[in-house]
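Have a look at the structure below before the remarks.
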Amino acid sequence: ETGVTQSPTHLIKTRGQQVTLRCSSQSGHNTVSWYQQALGQGPQFIFQYYREEENGRGNFPPRFSGLQFPNYSSELNVNALELDDSALYLCASSLVPTGFETQYFGPGTRLLVL
Amino acid sequence: GDSVTQMEGPVTLSEEAFLTINCTYTATGYPSLFWYVQYPGEGLQLLLKATKADDKGSNKGFEATYRKETTSFHLEKGSVQVSDSAVYFCARIIQGAQKLVFGQGTRLTINP
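Same order as they appear, the protein sequences are chains A and B. Mapping of the first sequence onto my numbering: position 9 corresponds to residue 9, and the numbering continues sequentially without gaps. Throughout, my numbering is defined as the position within the second sequence, counted from one, plus 114.
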């Protein structure tokens, strides 16, 4: 087991730019969920991918999009960055979509938008 | 809508003190409830859970009881250690959706 890894660890962008964040799942996990954690707040659900298909989405605009690959790794893409997108972005993998008890979180990518 | 509310922090205690972090939820039905912990520089870790009313979750000396009468899931520990310093999040499942809803987190600092 290698755990959930995310890259990069830190990133600085300017308003209007685009960013791609990456997540490698725990071995054997086919589900990935992405969360946004603003400073001093709890994580907020962005979306979930299960077997390469989006399987649920939170209240985030379409400029937040994702992909899941055949090896179950995942990307989060954010277009037209806004200052409020500055946050810690967490991914979590699990065995099944509702497998919260088997869900492992990565350490996150901290994004700063200037 | 369905939400989770935690006591505001930060909370600072001395080693071996008793800890309570309050958590209440609004919900229809009886959602599964969780406590997560986030140590500095690490990802969120599931600390404990309870899936139905009157269940008690426990792990690493921490306990929380699912109380439907008060819609609460308070986290307790009888004797905290410096290593318990972290941010603690209460969370619940949204019924029918594949997601967790988190409280805003409570930062706990334990002084030796």
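Ideal Cβ positions, reconstructed from N, Cα and C, are used throughout, including at glycine.
Any idea what DSSP makes of residue i, helix, strand or coil?
i, result
"V194 (chain B)", "coil"
"P95 (chain A)", "Reading the sequence as shown, one finds Leu at residue 95 (chain A) and not Pro. Coil at L95 (chain A), not helix or strand."
"L112 (chain A)", "strand"
"F100 (chain A)", "helix"
"L83 (chain A)", "helix"
"E116 (chain A)", "As shown, chain A starts at 1 and ends at 114. That puts residue 116 (chain A) outside it, with no answer to give."
"F203 (chain B)", "strand"
"I208 (chain B)", "coil"
"R63 (chain A)", "coil"
"N225 (chain B)", "strand"
Looking only at DSSP bridge pairs, what is residue i linked to?
i, result
"V32 (chain A)", "A:Y49 and A:S93"
"T142 (chain B)", "Bridge partners of T142 (chain B): none, in fact."
"Q68 (chain A)", "A:S74"
"F115 (chain A)", "With chain A running from 1 to 114 in the structure shown, residue 115 (chain A) is simply not present."
"E177 (chain B)", "B:S172 and B:E190"
"T20 (chain A)", "A:N77"
"Y150 (chain B)", "B:L160 and B:F203"
Worksheet item: When Cβ atoms are compared, which residues of the segment 1 to 33 of chain A fall closer than 9 Å to chain B?
Response: G3, V4, Q6, T31 and S33
Item to complete: For the segment 163 to 194 of chain B, enumerate the residues whose C-beta is nearer than 7 Å to any C-beta of chain A, in chain order.
Response: K163
Practice prompt. Below 9 Å between beta carbons is the criterion; list the residues of the segment 126 to 143 of chain B that meet it against any residue of chain A, in chain order.
Written response: none
Worksheet item: Does the pairing of the segment 23 to 36 of chain A with the segment 76 to 92 of chain A give three or more beta-carbon distances under 8 Å?
Response: Touching, per the Cβ criterion.
Practice prompt. With 8 Å as the limit, tell me which residues of the segment 92 to 108 of chain A have their beta carbon closer than that to any beta carbon of chain B; keep them in chain order.
Written response: A92, P97, T98, F100, E101, Q103, Y104, F105, G106, P107 and G108
Worksheet item: Quick check: the segment 116 to 126 of chain B against the segment 166 to 184 of chain B, are there 3 or more CB pairs under 8 Å?
Response: no
Worksheet item: Any residues in the segment 204 to 219 of chain B with a beta carbon nearer than 7 Å to a beta carbon of chain A? Which ones, in chain order?
Response: I207, A211, Q212, K213, L214, F216, G217, Q218 and G219
Discussion item. For the structure I just gave you, are there three or more beta carbon pairs, one from the segment 14 to 21 of chain A and one from the segment 64 to 79 of chain A, closer than 8 Å?
Written reply: A contact exists between the segment 14 to 21 of chain A and the segment 64 to 79 of chain A.
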